[in-house]
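A.B. asks: Dropping a structure here in structure tokens format, bear with me for questions.
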Amino acid sequence: MAAIMEKQRISKRRRNNSLKPNNKSAGFNSGFMSEFRQKPVHIKKKSSISKFKSFPMFSEKSEPKKNKCYGFSIPIPSAAAIAVVTGTIVIALATLNWEGIEISIIPSESDNTDQMITQYAIYGISGLFQENPETQSADSANELEIEPDDPHGMLVTFEWKQYRVQRGDSVSAIAQRHNVSIGAIIASNEIQNARRLQEGTILRIPNIDGIPYNVQRGDNLSKISASFNVPLEVILDINDIKSDNISVGETLFIPGARMNDIDLRLSLGELFMFPLGSRNITSYYGMRKDPKTGVLQFHAGVDFRANIGTTVMASLDGVVSVVGENWLYGKYIIMTHSNGYKTLYGHLNAFSVKQGDRIARGRKIGEVGNTGYSTGPHLHFGIYDRNNKLVNPLDLLK
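This is how it looks when you write it as structure tokens:
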């Protein structure tokens, strides 16, 4: 018997919903108990379910009852062995009162035949069934479902983490390491120039992707929710807000929000473009000796050497606010941009725009000259921030 049972196991299947007789395995009404064979039943490789021939003790012409079907097929080598197994199965079925289940024995990878027989004897047929892996997966998935009272999946408590900038760090690498956006790092730390991140700087990093927002005059929670396209309930939960009252200057964290594209590109140095095709710098931003007197003075921009008549382009989309001329910059143009920044183009030879013109980034606005306080043809280029303070153009130029 050990040789026959060696590669066999129980497989549980659901009952066919049809009321017709099941022809895939022999049932109690199909002549199963009429005859025993001493030789093992030959099992075809194409099918894992064995069938028994009908036995004379049951009438082959009798109509099977159209009710619940309890069936199983099992290849057994001897009458004694099959009697033991059959008795165990019948008792188990009668005891558990399983309905609509077919039972068949199919080849198994297990080599422990004695253990399998013991399972039959002690636990009956139920001891050989294993839990369906698909059912286990489904149950596990149900355990991970979002609670009904947490429709946005925001049960996590918002908090700030600290990070010390290491040598070789970049904003993008830090953001990726903490699974937040680049804008979340820049906005949370008000980084003006992401390309000049200093080693040892302590950054605060949110444990949820998003950006902080300072409440402005006239703001309310509904307006803030709509402007960032973030559900009001999420903003309330993350900031632990108990009422609709918010104060001007108060900082809220807006989960999932993104930085303004202009401010992001500005910090990354991808906003302003060089106003000339060439980048031959003759004088940098900061303290320098005056080219005429030799006196140490502050230089409020960057000088680019170029021939007279070279095209000068708008460094960023904006409106021409001033087209003028003075003793210092000669002929000059000032443009105002939507982010509050201003750009100045000095020592021009000619203008190609007039005051009030809306100019696209990269469009021609004038030509290089040698007008004003100048020792040769060049372009003086300066940038003022939204507070009208001078900044180093090279920190913002792409």
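According to the working numbering, the sequence shown is numbered sequentially starting from 11. Positions of the beta carbon are idealized from the N, C-alpha and C atoms, including for glycine.
Suppose contacts are defined by Cβ-Cβ distances below 7 Å. Is Glu200 in contact with Val225 by that definition?
C.D. replies: For Glu200 and Val225, no; Cβs fall outside 7 Å.
A.B. asks: Decide if the stretch 252 to 267 is in contact with the stretch 182 to 189; the criterion is three or more beta carbon pairs, one per stretch, under 8 Å apart.
C.D. replies: Taking 8 Å as the limit for Cβ pairs, the verdict is that the stretch 182 to 189 does not touch the stretch 252 to 267.
A.B. asks: Comparing the C-beta of Glu200 with each C-beta of chain C, is any distance below 7 Å?
C.D. replies: No chain C is present in this structure, which holds just one protein chain.
A.B. asks: What are the boundary residues of the alpha helix (DSSP H) that Gly193 is part of?
C.D. replies: Run containing Gly193: Ile192 to Asn199, per the alpha helix (DSSP H) assignment.
A.B. asks: Rounded to the nearest angstrom, what separates Pro222 and Phe263 at their Cα positions?
C.D. replies: Looking at the two C-alpha atoms, the distance is approximately 4 Å.
A.B. asks: With distances taken from CA atoms, which of Asn336, Gly311, Lys171 and Thr303 is nearest Thr292?
C.D. replies: Taking only the C-alpha atoms, the option nearest Thr292 is Gly311.
A.B. asks: What residue from Gln172, Lys299 and Asp271 has the CA that sits closest to Asn349's CA?
C.D. replies: Ranking the options by Cα distance to Asn349, first place goes to Asp271.
A.B. asks: Determine whether the beta carbon atoms of Gly193 and Leu274 lie at a separation below 7 Å.
C.D. replies: Cβ atoms of Gly193 and Leu274: closer than 7 Å.
A.B. asks: Contact between the stretch 233 to 241 and the stretch 311 to 325: three or more CB pairs below 8 Å?
C.D. replies: Contact fails: fewer than three Cβ-Cβ distances are below 8 Å.
A.B. asks: Sort Gly379, Lys299, Thr321 and Met269 by Cα distance to Gly287 and report the nearest one.
C.D. replies: Selected option, being the one with the closest Cα: Thr321.
A.B. asks: Put Phe168 into one of helix, strand or coil per three-state DSSP.
C.D. replies: Residue state, collapsed to three classes: coil.
A.B. asks: Within 10 angstroms of its Cβ, does Asn336 collect 16 or more other Cβ (buried), or is it exposed?
C.D. replies: Its Cβ having fewer than 16 others within 10 Å, Asn336 is exposed.
A.B. asks: Taking the C-alpha atoms as reference points, what is the distance between Asp229 and Ala267?
C.D. replies: About 17 Å.
A.B. asks: Start and end of the beta strand (DSSP E) containing Lys352?
C.D. replies: Unbroken beta strand (DSSP E) run through Lys352: Lys352 to Phe361.
A.B. asks: Go through its chain and collect everything with a Cβ distance to Arg298's Cβ below 6 Å, but skip five positions before and after it.
C.D. replies: Same-chain partners within the cutoff: His309.
A.B. asks: Below 7 Å between beta carbons: does that hold for Gly376 and Ala360?
C.D. replies: Yes.
A.B. asks: Please classify Leu286: does DSSP put it in a helix, a strand, or coil?
C.D. replies: Coil at Leu286, not helix or strand.
A.B. asks: Excluding five sequence neighbours on each side, which residues of the same chain lie with their C-beta closer than 6 Å to the C-beta of Ala370?
C.D. replies: Here the set comprises Asp327.
A.B. asks: If we ignore side chains and look at the alpha-carbon of each, how far apart do Ile218 and Trp170 end up?
C.D. replies: Looking at the two C-alpha atoms, the distance is approximately 9 Å.
A.B. asks: Taking the straight line between their C-alpha atoms, what separation do you get for Gly392 and Tyr355?
C.D. replies: In a straight line, the C-alpha of Gly392 is about 7 Å away from that of Tyr355.
A.B. asks: Note down, one range per segment and in chain order, each alpha helix (DSSP H) of at least 4 residues found wholly within the stretch 223 to 309.
C.D. replies: The qualifying runs are 231 to 238, 242 to 248 and 271 to 278.
A.B. asks: Could you spell out the range, first to last residue, of the beta strand (DSSP E) harbouring Ile215?
C.D. replies: Where Ile215 is concerned, the enclosing beta strand (DSSP E) stretches over Ile212 to Pro216.
A.B. asks: Quick one: what's Leu389 bridged to in DSSP?
C.D. replies: Looking at the DSSP assignment, Leu389 forms a beta bridge with Phe314.
A.B. asks: State the start and end residues of the unbroken alpha helix (DSSP H) segment that holds Ser182.
C.D. replies: Note, Ser182: alpha helix (DSSP H), Val181 to Arg187.
A.B. asks: Who does Arg373 pair with in a DSSP beta bridge?
C.D. replies: Paired residues: none, contrary to the question.
A.B. asks: With DSSP collapsed to three states, give me the class of Leu326.
C.D. replies: Here Leu326 sits in coil by DSSP.
A.B. asks: Given Lys399, which residues of its chain have a CB within under 7 Å of its CB, disregarding the five upstream and five downstream residues?
C.D. replies: The answer is none, since no qualifying residue turns up.
A.B. asks: Any idea what DSSP makes of Arg177, helix, strand or coil?
C.D. replies: Correct three-state label for Arg177: coil.
A.B. asks: Is DSSP giving Leu4 helix, strand or coil here?
C.D. replies: As displayed, the chain neither begins before 11 nor continues past 408, which places residue 4 out of reach and without an answer.
A.B. asks: Distance check for Lys302 and Arg177, CA to CA, integer angstroms please.
C.D. replies: Going from the Cα of Arg177 to the Cα of Lys302 covers about 42 Å.
A.B. asks: Return yes when the Cβ of Lys374 is within less than 7 Å of the Cβ of Ser362, no when it is not.
C.D. replies: In this structure, Lys374 lies closer than 7 Å to Ser362 by Cβ.
A.B. asks: Please report the straight-line C-alpha distance between Glu209 and Ser198, rounded to a whole angstrom.
C.D. replies: Glu209 and Ser198: Cα-Cα distance of roughly 18 Å.
A.B. asks: Tell me which same chain residues have a C-beta within less than 8 Å of the C-beta of Asp405, skipping the five on either side of it?
C.D. replies: Once the five neighbours on either side are set aside, the close Cβ partners of Asp405 are Gln202, Asn203, Arg205, Arg206 and Gly279.
A.B. asks: In angstroms with no decimal places, state the Cα-to-Cα distance between Ile248 and Leu213.
C.D. replies: So the alpha carbons of these two residues sit roughly 21 Å apart.
A.B. asks: Run through DSSP, which three-state label would Val401 get?
C.D. replies: Correct three-state label for Val401: strand.
A.B. asks: For the beta strand (DSSP E) containing Asp341, list its first residue and its last residue.
C.D. replies: What sits at residue 341 in the sequence shown is Lys, not Asp. Unbroken beta strand (DSSP E) run through Lys341: Gly340 to Thr346.
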